[in-house]
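All remarks here apply to the structure that follows.
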Amino acid sequence: PHRNYHRCWVLNRLSPFLSRSCLFVVLHIALQAAVFGEYTWEVFVYCWELQFHLLLLLLPYLLLAGNMGCFLLCSRANPGVVTKSNAASLVQVYAYDGVLFQRGLVCPTCSVEKPARSKHCSVCRTCVHRFDHHCVWVNNCIGASNAGVFLLYLLSLTATAAAIAAVTAAFLIQVLLLSNIMHGTYLDAQGQEHAVEIPFLVQHLFLTFPRIVFMLGFVILLTLVLGGYCSFSLYLALTNQTTNEWCKSRRFGGSPHLPSQPHDRPLVYKNIYSKGIWRNLKEIFKPPTVLERKKKT
Ligand SMILES: [Zn+2]
Ligand SMILES: [Zn+2]
Numbered sequence: 001p002h003r004n005y006h007r008c009w010v011l012n013r014l015s016p017f018l019s020r021s022c023l024f025v026v027l028h029i030a031l032q033a034a035v036f037g038e039y040t041w042e043v044f045v046y047c048w049e050l051q052f053h054l055l056l057l058l059l060p061y062l063l064l065a066g067n068m069g070c071f072l073l074c075s076r077a078n079p080g081v082v083t084k085s086n087a088a089s090l091v092q093v094y095a096y097d098g099v100l101f102q103r104g105l106v107c108p109t110c111s112v113e114k115p116a117r118s119k120h121c122s123v124c125r126t127c128v129h130r131f132d133h134h135c136v137w138v139n140n141c142i143g144a145s146n147a148g149v150f151l152l153y154l155l156s157l158t159a160t161a162a163a164i165a166a167v168t169a170a171f172l173i174q175v176l177l178l179s180n181i182m183h184g185t186y187l188d189a190q191g192q193e194h195a196v197e198i199p200f201l202v203q204h205l206f207l208t209f210p211r212i213v214f215m216l217g218f219v220i221l222l223t224l225v226l227g228g229y230c231s232f233s234l235y236l237a238l239t240n241q242t243t244n245e246w247c248k249s250r251r252f253g254g255s256p257h258l259p260s261q262p263h264d265r266p267l268v269y270k271n272i273y274s275k276g277i278w279r280n281l282k283e284i285f286k287p288p289t290v291l292e293r294k295k296k297t
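With full-length UniProt numbering as the guide, the letters of the sequence shown map in order to residues 1 to 297.
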């Protein structure tokens with residue numbers, strides 16, 4: 001009977017994970033493996049022969065290790081699931097702003113009272129406290145308890161892509177400098193002599209190292225996209241907003257605030273959760289609890 005009980009407990013614990021698809025996690029790992037495979041078997045070997053500094057060549061692996069740690073912490077964490085037993089205390093953590101979050105609403109699916117800043121996630125099928133968004137890449141919700149580690153995950157992923165891009169670009173530039181091709185000339189189809197220009201150099205590199213140039217193009221694109229997303233996430237963290245709140249507040253944004261019905265009071269959104277840059281940043285790493293709030297007031 002003890003073993004049966006244990007098995008049931010494990011299945012109950014696993015069910016939200018089984019219902020979520022891990023397609024994007026597989027894609028995530030496959031892309032990382034492809035980039036690091038290419039880096040290890042070609043770029044690293046060539047750079048080692050060209051006597052690049054070992055620490056520079058190892059930097060992408062160090063960042064990858066940090067990134068994988070953050071990935072595991074973020075994907076396996078309880079993001080802050082609202083349950084019947086903790087709802088009463090979570091309701092007291094944040095004030096209801098009366099615009100995005102109304103007091104006294106009950107989630108029709110979980111039948112728990114919705115704390116301010118929480119939202120029901122249809123993928124996880126639970127309400128999540130300080131809900132940010134459901135991330136398919138880590139296959140978990142981002143909420144009060146894992147928002148900080150998610151930011152670290154994003155920063156380390158961007159840094160990994162940037163480090164690989166930098167080492168690879170340095171390698172290709174070194175190849176061009178050593179080959180002295182930049183001072184040469186080439187003959188076109190009409191037999192005319194031309195000085196070497198950038199498109200010719202890119203073409204030359206692509207024909208010589210097709211996989212490396214393709215990989216470099218991919219990691220540069222990734223660095224730009226992730227860099228943009230990182231900046232956005234950092235902005236949200238510093239202003240103490242969740243992605244959910246940012247999206248919803250767009251509806252109340254823009255001036256003047258014209259009510260849809262003449263007798264309606266115009267709803268003006270104002271971020272009431274911001275406590276200044278440093279305390280906002282601290283909050284995503286150390287979510288406030290009811291006890292803390294009581295201590296301060
Ligand atoms: Zn719910
Ligand atoms: Zn979710």
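For each residue, glycine too, the CB sits at the ideal point set by N, CA and C.
Where residue i and residue j are concerned, what is the direct C-alpha to C-alpha distance, given to the nearest angstrom?
i: leucine 90; j: leucine 54; result: 50 Å
i: alanine 33; j: alanine 161; result: 13 Å
i: glutamate 193; j: glycine 184; result: 10 Å
i: phenylalanine 209; j: phenylalanine 200; result: 14 Å
i: valine 202; j: alanine 159; result: 25 Å
i: serine 111; j: leucine 62; result: 45 Å
i: proline 256; j: leucine 238; result: For proline 256, the predicted model reports a pLDDT of 47, less than 50, meaning its position is unreliable; a value from the coordinates is still stated below. Computed Cα separation, rounded: 27 Å.
i: threonine 242; j: serine 118; result: 10 Å
i: histidine 28; j: leucine 187; result: 44 Å
i: tyrosine 235; j: alanine 88; result: 30 Å
i: arginine 103; j: histidine 120; result: 15 Å
i: glutamate 245; j: histidine 204; result: 49 Å
i: phenylalanine 285; j: glutamine 51; result: 41 Å
i: glycine 69; j: leucine 267; result: 43 Å
i: lysine 282; j: glycine 228; result: 22 Å
i: threonine 109; j: isoleucine 277; result: 35 Å
i: glutamate 49; j: glutamate 38; result: 16 Å
i: threonine 126; j: serine 85; result: 14 Å
i: threonine 83; j: isoleucine 220; result: 43 Å
i: glutamine 190; j: isoleucine 198; result: 20 Å
i: leucine 155; j: arginine 250; result: 26 Å
What do you reckon, are the CB atoms on residue i and residue j nearer than 9 Å?
i: histidine 134; j: valine 123; result: yes
i: leucine 73; j: tyrosine 153; result: yes
i: lysine 248; j: leucine 105; result: no
i: valine 138; j: valine 25; result: yes
i: threonine 223; j: alanine 165; result: yes
i: valine 196; j: methionine 215; result: no
i: glutamine 92; j: valine 213; result: no
i: isoleucine 272; j: alanine 30; result: no
i: asparagine 140; j: serine 75; result: yes
i: asparagine 240; j: lysine 270; result: no
i: serine 21; j: valine 136; result: yes
i: phenylalanine 218; j: valine 35; result: yes
Since residue i and residue j are thought to touch, with beta carbons under 8 Å apart, how far apart are those beta carbons, to the nearest angstrom?
i: alanine 116; j: aspartate 97; result: 7 Å
i: alanine 163; j: proline 60; result: 5 Å
i: valine 167; j: cysteine 47; result: 7 Å
i: leucine 157; j: asparagine 67; result: 5 Å
i: phenylalanine 44; j: leucine 57; result: 6 Å
Unbroken stretches of the alpha helix (DSSP H), 4 residues or longer, contained in the region 16 to 97: Listed in chain order, they are 23 to 38, 44 to 49, 54 to 76 and 87 to 90.
Sequence ranges, beta strand (DSSP E) only - wholly within the region 87 to 148, length at least 3: Secondary structure within the region 87 to 148: the beta strand (DSSP E) runs of 3 or more consecutive residues, fully enclosed, are 119 to 121, 126 to 128, 133 to 135 and 140 to 142 (chain order).
Taking 8 Å as the cut-off, does the region 208 to 227 touch the region 165 to 182 (at least 3 CB pairs, one atom from each stretch)? The count of Cβ pairs closer than 8 Å, one atom from the region 165 to 182 and one from the region 208 to 227, reaches three, so the stretches are in contact.
Does the region 75 to 85 come within contact of the region 137 to 145, defined as at least 3 CB pairs closer than 8 Å? Result yes; three or more Cβ-Cβ pairs closer than 8 Å.
Which ranges does the alpha helix (DSSP H) cover as unbroken runs of at least 4 residues, wholly within the region 172 to 220, from first to last along the chain? Whole alpha helix (DSSP H) segments, 4+ residues: 198 to 208.
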